[in-house]
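Read the structure below first, then the notes.
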């Protein structure tokens with residue numbers, strides 16, 4: 448559509464829409480800045496105990512220090528590496544298991560109660576076992592991240608696979624399609640939206656697995672910084688780690704959303 | 169005149185088993201369908217019309233009897249048989265052109281020539297400008313036309329139409345059934361058409377099979393012979409034929425519907 452011939456009412460409407468969007472963004476930023484300022488003032492005037500709450504300026508100084516000596520990149524790098532590997536492996540394995548369950552109705556029925564139990568179990572409870580079995584290093588942490596995300600992936604993908612319209616499958620069968628062709632031509636493409644929402648959930652879950660793993664292993668990573676800071680009562684370190692964690696996981700989530708948009712051109 | 173038989177149905181019977189018991193859906197059906205003929209199948213709802221089509225298509229196996237298509241016993245779906253469903257079942261994630269060549273993909277027959285054929289068919293049936301659009305951007309009638317091309321492009325000898333117009337609104341339904349009827353006659357296709365719509369069946373069919381309540385058996389076979397205006401065959405025009413009303417009443421009585 449060209450913008451050449453728009454009526455006055457329509458340009459008013461567009462302007463108002465723009466204005467509303469801008470107001471929302473400004474309000475969001477204002478809340479953040481006001482919150483930080485209030486926190487800083489409260490700490491400076493001793494309204495709150497900055498030993499327990501730290502303050503934005505302390506956190507910022509610590510951030511500069513950690514960036515300068517490179518510690519930050521070391522710990523962040525390790526955590527991001529573990530998360531990405533755990534996320535990819537958990538998602539891929541989950542999708543493969545879901546395909547297997549779709550393929551064999553018998554095994555889907557046999558394994559159903561186990562999946563239900565595993566799904567309701569908080570997977571972080573398995574972390575100590577995983578770390579003892581696999582080892583107190585990257586591999587243990589990655590496997591912990593996998594255990595957290597794999598069950599949800601299996602459940603979500605399996606539900607999506609089995610909700611494909613029967614007649615769409617029959618249509619392929621009238622063309623003489625094999626089961627593998629049914630999987631490739633209809634079941635998998637139909638499930639792309641479900642895969643995308645699973646990816647979004649899994650990014651968060653993989654971080655849960657990695658942070659819990661790092662709490663337990665306590666060698667390196669953002670989780671290690673948090674647990675170490677807590678033990679020695681360095682609240683600025685804990686706060687900084689949490690801030691960085693939230694920023695990185697938000698960036699990753701946004702990355703998935705961008706990928707999702709590329710696949711979404713055929714719906715709405 | 170000796171016509172070539174395309175479909176032979178012999179003593180066909182089908183019984184479904186569920187945990188609650190067994191249901192006899194079809195019983196003792198014998199029928200021959202000749203080349204180039206459109207045969208309408210009408211019957212009370214739930215009488216097993218769709219089951220009959222599924223058996224002919226090879227999607228399910230009958231418990232009794234057999235079906236021969238072009239002299240060969242039907243055991244699994246074959247590319248000689250095209251099936252059209254109530255809904256178009258175009259895949260939302262494929263463009264119209266990609267949807268149309270779905271059957272060719274399954275048979276691994278996608279090449280330059282077959283794509284040209286697809287584009288030619290899309291042009292013939294007025295969908296040329298939409299070949300790169302997604303199904304959601306098309307009207308119900310256009311979508312059903314695309315579905316028909318998807319069925320025709322694999323060149324089946326026999327078409328099975330399972331209430332293919334019932335998901336469309338009334339006006340579109342009239343227009344599309346007219347178009348499809350003309351296409352089928354032009355391409356000299358043999359077709360079995362299951363429908364609820366008596367008028368649609370009369371306007372499209374050469375013969376109409378009336379089925380009984382479950383278990384479905386053949387109650388009557390009516391040969392339709394309409395004197396179409398100006399001698400031009402078109403399902404909509406033929407509704408004006410003087411015999412139309414007579415056939416309608418006859419079938420309505422035979423269906424013996426009590427609400």
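Residue numbers (my numbering), protein chains in the order written: chain A, 448 to 715; chain B, 169 to 427.
Don't be surprised by glycine CBs; every beta carbon is placed ideally from N, CA and C.
Owing to the predicted nature of the structure, the values given are computational and were not obtained by experimental measurement.
Inter-residue Cα distance where the pair is residue i and residue j
i	j	result
residue 585 (chain A)	residue 676 (chain A)	21 Å
residue 245 (chain B)	residue 225 (chain B)	6 Å
residue 489 (chain A)	residue 670 (chain A)	28 Å
residue 378 (chain B)	residue 196 (chain B)	14 Å
residue 571 (chain A)	residue 184 (chain B)	48 Å
residue 639 (chain A)	residue 710 (chain A)	8 Å
residue 310 (chain B)	residue 318 (chain B)	12 Å
residue 274 (chain B)	residue 348 (chain B)	24 Å
residue 257 (chain B)	residue 316 (chain B)	11 Å
residue 558 (chain A)	residue 544 (chain A)	11 Å
residue 589 (chain A)	residue 556 (chain A)	29 Å
residue 254 (chain B)	residue 655 (chain A)	47 Å
residue 519 (chain A)	residue 513 (chain A)	5 Å
residue 684 (chain A)	residue 705 (chain A)	32 Å
residue 407 (chain B)	residue 252 (chain B)	24 Å
residue 301 (chain B)	residue 313 (chain B)	14 Å
residue 634 (chain A)	residue 478 (chain A)	45 Å
residue 476 (chain A)	residue 482 (chain A)	10 Å
residue 448 (chain A)	residue 457 (chain A)	Confidence is the limiting factor: at residue 448 (chain A) the pLDDT is only 47, short of 50, which leaves the residue's position unreliable, though a coordinate-based value still follows. C-alpha separation (whole angstroms): 13 Å.
residue 637 (chain A)	residue 619 (chain A)	14 Å
residue 473 (chain A)	residue 281 (chain B)	58 Å
residue 673 (chain A)	residue 688 (chain A)	6 Å
residue 398 (chain A)	residue 460 (chain A)	No answer is possible for residue 398 (chain A): the residues shown for chain A start at 448 and end at 715.
residue 339 (chain B)	residue 463 (chain A)	41 Å
residue 190 (chain B)	residue 357 (chain B)	36 Å
residue 350 (chain B)	residue 364 (chain B)	20 Å
residue 355 (chain B)	residue 361 (chain B)	16 Å
residue 243 (chain B)	residue 229 (chain B)	7 Å
residue 708 (chain A)	residue 535 (chain A)	19 Å
residue 715 (chain A)	residue 398 (chain B)	Unreliable placement is indicated for residue 715 (chain A), whose pLDDT of 48 sits below 50; the coordinate value is still reported in the next sentence. Answer to the nearest angstrom: the Cα atoms are 47 Å apart.
residue 598 (chain A)	residue 306 (chain B)	39 Å
residue 487 (chain A)	residue 496 (chain A)	11 Å
residue 471 (chain A)	residue 452 (chain A)	29 Å
residue 682 (chain A)	residue 503 (chain A)	11 Å
Whole-Å CB distance - residue i paired with residue j, under 8 Å assumed
i	j	result
residue 529 (chain A)	residue 668 (chain A)	7 Å
residue 211 (chain B)	residue 193 (chain B)	Rounded, the Cβ-Cβ distance is 11 Å, inconsistent with contact.
residue 248 (chain B)	residue 324 (chain B)	6 Å
residue 546 (chain A)	residue 630 (chain A)	7 Å
residue 419 (chain B)	residue 366 (chain B)	5 Å
residue 220 (chain B)	residue 209 (chain B)	7 Å
residue 328 (chain B)	residue 250 (chain B)	7 Å
residue 240 (chain B)	residue 203 (chain B)	So it is not a contact: roughly 15 Å between Cβ atoms.
Under 8 Å from the C-beta of residue i: neighbouring residues of chain B
i	result
residue 428 (chain A)	Nothing about residue 428 (chain A) can be reported from this structure: the residues present for chain A run from 448 to 715 only.
residue 633 (chain A)	259
Interface residues of chain B facing residue i [CB-CB closer than 9 Å]
i	result
residue 611 (chain A)	By Cβ distance, chain B contributes nothing, its closest Cβ being about 11 Å from residue 611 (chain A), past 9 Å.
residue 614 (chain A)	253, 254, 255 and 257
residue 560 (chain A)	Per Cβ cutoff of 9 Å: no residues; residue 560 (chain A) is ~21 Å from chain B at best.
residue 503 (chain A)	Within chain B, no residue comes near residue 503 (chain A); the closest Cβ sits about 47 Å away, beyond 9 Å.
Contacts of residue i in chain B (Cβ-Cβ under 7 Å)
i	result
residue 617 (chain A)	227
residue 628 (chain A)	274
residue 569 (chain A)	Under the 7 Å cutoff, chain B gives no residues; its nearest Cβ is about 36 Å from residue 569 (chain A).
residue 575 (chain A)	Neighbours of residue 575 (chain A) on chain B: none; closest Cβ ~43 Å, over 7 Å.
Any non-hydrogen atom of the ligand HEM within 7 Å of residue i CB
i	result
residue 334 (chain B)	This structure simply doesn't include the ligand HEM, nor any ligand for that matter.
* Three or more beta-carbon pairs under 8 Å between the stretch 590-601 of chain A and the stretch 522-541 of chain A, yes or no? -> yes
* Taking contact to mean at least 3 C-beta pairs separated by less than 8 Å, is the stretch 385-403 of chain B in contact with the stretch 367-374 of chain B? -> yes
* On the three-pair Cβ rule with 8 Å, is the stretch 286-293 of chain B touching the stretch 251-266 of chain B? -> yes
* **Contact the stretch 343-352 of chain B vs the stretch 320-335 of chain B: 3+ CB pairs below 8 Å** => yes
* Inside the stretch 477-510 of chain A only - alpha helix (DSSP H) runs reaching at least 4 residues -> 497-500
* To do: Spell out a yes or no on whether the stretch 392-399 of chain B and the stretch 411-425 of chain B are touching, meaning 3 or more CB-CB pairs, one atom from each, closer than 8 Å.
  => yes
* Residue ranges of each alpha helix (DSSP H) within the stretch 519-577 of chain A, 4 or longer -> 552-567
* **the stretch 605-617 of chain A touching the stretch 627-645 of chain A, judged by at least three CB pairs closer than 8 Å** => yes
* **Those runs of the beta strand (DSSP E) which lie wholly inside the stretch 346-391 of chain B and span at least 3 residues** => 358-362, 375-379 and 386-391
* To do: For the stretch 247-323 of chain B, list the alpha helix (DSSP H) runs that are entirely contained and at least 4 residues long, ordered along the chain.
  => 264-268, 270-274, 280-292 and 308-320
* Asked: Taking contact to mean at least 3 C-beta pairs separated by less than 8 Å, is the stretch 171-178 of chain B in contact with the stretch 232-241 of chain B?
  -> yes
* Asked: Would you say the stretch 649-658 of chain A touches the stretch 498-516 of chain A, given that touching needs at least three Cβ pairs under 8 Å?
  -> no
* To do: Scan the stretch 609-679 of chain A and note each continuous alpha helix (DSSP H) run of 4 residues or more that stays entirely inside, going in chain order.
  => 613-621, 626-629, 639-664 and 669-678
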